[in-house]
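To convert, take the position in the sequence shown, counting from 1, and add 36; that gives the numbering used here. Even glycine gets a Cβ: it sits at the ideal position worked out from N, Cα and C.
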Amino acid sequence: MVGGGQLARMTHEAGIPLGIKFKLLSDTPQDSAAQVVGDVVVGDYRDLDTLRAFARGCDVITFDHEHVPTEHLRALEADGIPVRPGPDALVHAQDKGVMRAKLDAIGVPCPRHRIVSDPEDVARFAAELGGGDGSGGFPVILKTVRGGYDGKGVWVVRSSKEAAEPFRAGVPVLAEEKVDFARELAANIVRSPHGQAVAYPVVESIQVDGVCDTVIAPAPGLDSELAGQAQELALRIAQELGVVGHLAVELFETADGRILVNELAMRPHNSGHWTQDGAITSQFANHVRAVLDLPLGDPRPRAPWTVMANVLGGDYPDMYYAYLHCMARDPQLKIHMYGKDVKPGRKVGHVNTYGDDLADVRERAAHAAGYLRGTITE
37 MVGGGQLARM
47 THEAGIPLGI
57 KFKLLSDTPQ
67 DSAAQVVGDV
77 VVGDYRDLDT
87 LRAFARGCDV
97 ITFDHEHVPT
107 EHLRALEADG
117 IPVRPGPDAL
127 VHAQDKGVMR
137 AKLDAIGVPC
147 PRHRIVSDPE
157 DVARFAAELG
167 GGDGSGGFPV
177 ILKTVRGGYD
187 GKGVWVVRSS
197 KEAAEPFRAG
207 VPVLAEEKVD
217 FARELAANIV
227 RSPHGQAVAY
237 PVVESIQVDG
247 VCDTVIAPAP
257 GLDSELAGQA
267 QELALRIAQE
277 LGVVGHLAVE
287 LFETADGRIL
297 VNELAMRPHN
307 SGHWTQDGAI
317 TSQFANHVRA
327 VLDLPLGDPR
337 PRAPWTVMAN
347 VLGGDYPDMY
357 YAYLHCMARD
367 PQLKIHMYGK
377 DVKPGRKVGH
387 VNTYGDDLAD
397 VRERAAHAAG
407 YLRGTITE
């Protein structure tokens, strides 16, 4: 697996019961997965020679991020190394411009968008959106086509004067309409090389400052027909793009009852962390099965409700005491910490709770995440 973050750490964990020999290409020995994987190569995934040396002897290469250069992945395939997902699929998660063009071509509903060249072009795009309220079509969303995640590389701009910063990166900029959405959803599916696929329940994803805070599975009050449409859409995208492994399709549920595709991720995803404790087969276990072309596991939930809450960097006066409190308060609580250095706003872990009463499950998750962060002290 290329990338040493928490996704690799949890994917490795899912492979242990199957006796999978797991090899990791990590940026540093301190990375989350490098702390627990036995076979670690420290190196730069952007260097082709490093990638080639790492890939020797591997049955298959997969990823915990989408940042490996597309041309490097093509070189590995030319060397006879199976890459899953392959570069022809992964480029749609690497490049938002390529993604939007492909989704348009296959008729997937998306926010209105186009590539823009400078702040004046942003103003023209805003004007194209309309805005009869005198706003000139603003605000609009600007995104660098490559490299953004967790709110990075994304700007909400309210005038052409605010639109200069995204262009300083020197990469193409995608402009999108600011969607009037009721909430954000995610449809998670897993697809194998021979075309078997499974779909998890559609979840609600609650963001705070551009970072996922809470995931509720299944999405409360979601019309069953709309949920089915979201699952079918994710399965169709995976088939059309040739995805192998886990695909997360981040969605907007609009105020008028439609769904629009926001982002794609071709790897285990934060919106699927609830499956570790809340589904018969987790996203991580099914990703391992898929990239090895093994039969996929049952994605159905184990309980009526599961809630995942991220633990963000904060004040940790005494983690041992925090564990004592949280575990004693809620013996059913599942804590997953990543072994990462604490930085404000950084994801350093998550908790999962489950049960029959949604309000109770949400309260338990929020309390545990807050206590582990240090924002709740009793």
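Extent of the continuous beta strand (DSSP E) run through residue i
{"i": "residue 227", "result": "217-227"}
{"i": "residue 61", "result": "59-62"}
{"i": "residue 233", "result": "233-235"}
{"i": "residue 287", "result": "281-290"}
{"i": "residue 243", "result": "239-244"}
{"i": "residue 249", "result": "247-253"}
{"i": "residue 76", "result": "75-78"}
{"i": "residue 150", "result": "149-152"}
{"i": "residue 209", "result": "209-213"}
{"i": "residue 385", "result": "383-391"}
{"i": "residue 311", "result": "No beta strand (DSSP E) holds residue 311; the alpha helix (DSSP H) holding it covers 311-314."}
Rounded distance between the beta-carbons of residue j and residue i, thought under 8 Å
{"i": "residue 200", "j": "residue 176", "result": "14 Å between Cβ atoms; not a contact."}
{"i": "residue 106", "j": "residue 127", "result": "5 Å"}
{"i": "residue 492", "j": "residue 96", "result": "Given a span of 37 to 414 for the chain in the structure shown, any question on residue 492 remains unanswerable."}
{"i": "residue 222", "j": "residue 286", "result": "5 Å"}
{"i": "residue 54", "j": "residue 324", "result": "7 Å"}
{"i": "residue 357", "j": "residue 311", "result": "That pair is no contact at about 30 Å."}
{"i": "residue 195", "j": "residue 156", "result": "At roughly 12 Å, the Cβ-Cβ gap does not stay under 8 Å, so residue 195 and residue 156 are not in contact."}
{"i": "residue 279", "j": "residue 227", "result": "5 Å"}
{"i": "residue 239", "j": "residue 145", "result": "Rounded, the Cβ-Cβ distance is 19 Å, inconsistent with contact."}
{"i": "residue 307", "j": "residue 291", "result": "That belief does not hold up - the Cβ atoms of residue 307 and residue 291 are roughly 21 Å apart, past 8 Å."}
{"i": "residue 69", "j": "residue 48", "result": "6 Å"}
{"i": "residue 295", "j": "residue 266", "result": "6 Å"}
Proximity winner among the options, relative to residue i (alpha-carbon distances)
{"i": "residue 100", "options": "117, 129 and 235", "result": "129"}
{"i": "residue 42", "options": "389, 412, 409 and 384", "result": "384"}
{"i": "residue 143", "options": "313, 411, 270 and 335", "result": "270"}
{"i": "residue 406", "options": "364, 395, 349 and 378", "result": "349"}
{"i": "residue 188", "options": "237, 218 and 245", "result": "245"}
{"i": "residue 401", "options": "380, 366, 83 and 116", "result": "366"}
{"i": "residue 158", "options": "102, 54 and 192", "result": "192"}
{"i": "residue 261", "options": "225, 241, 243 and 289", "result": "289"}
{"i": "residue 93", "options": "108, 115 and 104", "result": "115"}
{"i": "residue 166", "options": "214, 182 and 247", "result": "214"}
{"i": "residue 173", "options": "162, 183 and 182", "result": "162"}
{"i": "residue 140", "options": "276, 347 and 220", "result": "276"}
{"i": "residue 233", "options": "47, 282, 266 and 149", "result": "282"}
{"i": "residue 209", "options": "45, 224 and 182", "result": "182"}
{"i": "residue 338", "options": "346, 316, 382 and 90", "result": "316"}
{"i": "residue 220", "options": "411, 241, 202 and 231", "result": "241"}
{"i": "residue 111", "options": "89, 132 and 131", "result": "89"}
{"i": "residue 333", "options": "50, 37, 39 and 38", "result": "50"}
{"i": "residue 351", "options": "381, 329, 335 and 44", "result": "381"}
Environment of residue i [buried if 16+ CB atoms lie within 10 Å]
{"i": "residue 61", "result": "buried"}
{"i": "residue 153", "result": "exposed"}
{"i": "residue 420", "result": "Limits of the chain in this structure are 37 at one end and 414 at the other, which puts residue 420 out of reach."}
{"i": "residue 179", "result": "buried"}
{"i": "residue 80", "result": "exposed"}
{"i": "residue 414", "result": "exposed"}
{"i": "residue 379", "result": "exposed"}
{"i": "residue 65", "result": "exposed"}
{"i": "residue 164", "result": "exposed"}
{"i": "residue 331", "result": "exposed"}
{"i": "residue 368", "result": "exposed"}
{"i": "residue 313", "result": "buried"}
{"i": "residue 136", "result": "buried"}
{"i": "residue 67", "result": "buried"}
{"i": "residue 264", "result": "exposed"}
{"i": "residue 74", "result": "exposed"}
{"i": "residue 149", "result": "buried"}
{"i": "residue 52", "result": "exposed"}
{"i": "residue 409", "result": "buried"}
{"i": "residue 230", "result": "exposed"}
Residue span of the alpha helix (DSSP H) that contains residue i, given as start and end
{"i": "residue 356", "result": "355-365"}
{"i": "residue 179", "result": "First-last for residue 179: 176-180, but that is the beta strand (DSSP E), not the alpha helix (DSSP H)."}
{"i": "residue 135", "result": "132-141"}
{"i": "residue 332", "result": "From DSSP, residue 332 is part of no alpha helix (DSSP H); its letter is neither H nor E."}
{"i": "residue 51", "result": "42-51"}
{"i": "residue 269", "result": "260-277"}
{"i": "residue 20", "result": "Outside the modelled stretch of the chain, which goes from 37 to 414, sits residue 20, for which no answer is possible."}
{"i": "residue 113", "result": "106-114"}
{"i": "residue 86", "result": "84-91"}
{"i": "residue 296", "result": "Unbroken run through residue 296 is the beta strand (DSSP E), 295-301; no alpha helix (DSSP H)."}
{"i": "residue 163", "result": "155-165"}
beta-carbon residue i near the ligand NAD non-hydrogen atom, thresh 7 Å
{"i": "residue 414", "result": "This structure simply doesn't include the ligand NAD, nor any ligand for that matter."}
Given 8 Å, three or more beta-carbon pairs between the stretch 317-326 and the stretch 248-261: no
contact_flag[the stretch 339-354, the stretch 234-252] where n(CB pairs < 8 Å) is 3 or more: yes
Sufficient close CB pairs (3 or more, under 8 Å) joining the stretch 357-376 to the stretch 385-401: yes
Any 3 or more C-beta pairs closer than 8 Å across the stretch 292-312 and the stretch 357-367: no
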